[in-house]
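Chains as they are written, first to last, in the UniProt record's numbering: chain A, 1 to 204; chain B, 1 to 204.
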């Protein structure tokens, strides 16, 4: 197996990356294959050589976007052993996401969750899968924290994951709406203080 | 002046109400005038008799949607004199919005904030105006609470308004994504407890 990508693979990758940027700003349904042809400088036929449909391309762009954001979390979590530190690292990533977003249109899962409806079941399903895996990342750390005695025993891991996610995703929206990262900073500070309040005395 | 609406005004109103429902689910940019003609059972020409452009119709549908949601807040705030009770009422409205949404696609401001980008400056501006007025409603109650001594003096009204909004709007998104109002219930419970923590002892 060769480690270098073929020309076709490189073209495909270039289409996916450009589509991820464009669709992140403009939305999946509002972006046409003609838009993407113009943005990539390719013929529409060339796009269809790589993707059977706009939906197939949208899915590939979404998966790429989710992986791009996921890498930030992997980096932040590397070397964090204690559950409470993992939770703080997850929340803290959003500070950097607000200051230096990996995609121009913000969080792909949030965008997809808002945009997708019953007309795009495949896209909706992928957004649910991505959000569920993110919920599990937080829930698992919370559960470990309860088991290890770092977090108070009444902490409900699923509930904590939901509250953290709601607060941060809402702050992504607010920062995007007002073009002002202050909303994310306030949300992160609030959650850090909330996490502190869940830590068993002497385990911070 | 007659209090009954002319046929033209009734038709206009019917278009706006139907457009608000459809665009709330499908998005403003993904909904075409042809879609709205089909949904209202009118000719496209008839839509253009009432609205110069899809953007003009989208703006009218957005204003109507914001007013529809705003009425829930007016009802909840009626008779609430103390600042802390006003804050609790505002947060509590979201429970009923999750259980019985006034629009099928959820919060119009959230949808507009996510969907609108530099391609739709007028829509983005309206979303900012609507969100700012909502922030002021919360911020004003918080400020009154600090002045009256109900809330702790270190409470920052703008920050509190931002945290409440982020948490609730994020929970709207989560409940919509998973078709499960539990996320909204957790968010509301979390914020009610947070508000309790800001109340000066003896003033709850």
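All C-beta atoms, glycine included, are put in the ideal place defined by N, C-alpha and C.
Following the DSSP letters along the chain, one finds residue 67 of chain B inside the alpha helix (DSSP H) bounded by residues 54-77. Annotation: residue 201 of chain A to residue 145 of chain A spans about 13 Å, alpha carbon to alpha carbon. Secondary structure of residue 195 of chain B (DSSP, three-state): helix. Just so you know, the alpha carbons of residue 112 of chain B and residue 149 of chain A end up roughly 43 Å apart. At least one CB atom of chain A sits nearer than 7 Å to the CB of residue 163 of chain B. Identification of chain B residues near residue 27 of chain A by a Cβ-Cβ cut-off of 9 Å yields 27, 29, 30, 114, 115 and 117, ordered along the chain. For residue 133 of chain A, no CB of chain B lies under 7 Å from its own CB, so it is not counted at the interface with that chain.
Rounded to whole angstroms, the separation of the alpha carbons of residue 7 of chain A and residue 50 of chain A is 12 Å. Under the 7 Å criterion on CB atoms, residue 33 of chain B is classed as non-interfacial with respect to chain A. For residue 193 of chain A, no Cβ of chain B is located within less than 7 Å of the residue's own Cβ. Less than 7 Å divides the Cβ of residue 181 of chain B from the Cβ of residue 98 of chain B.
One finds 128 in chain B with Cβ atoms closer than 7 Å to the Cβ of residue 178 of chain A, taken in chain order. By the criterion of at least three beta-carbon pairs nearer than 8 Å, the stretch 162-178 of chain A is not in contact with the stretch 63-83 of chain A. Taking the beta carbon of residue 166 of chain A as reference, the chain B residues within 7 Å of it are 167, 170, 171, 174, 183 and 187, listed in sequence order. Across the structure, residue 203 of chain A and residue 185 of chain B are spaced so that their CA atoms are roughly 29 Å apart. At a cut-off of 7 Å between C-beta atoms, residue 39 of chain B does not count as an interface residue with respect to chain A.
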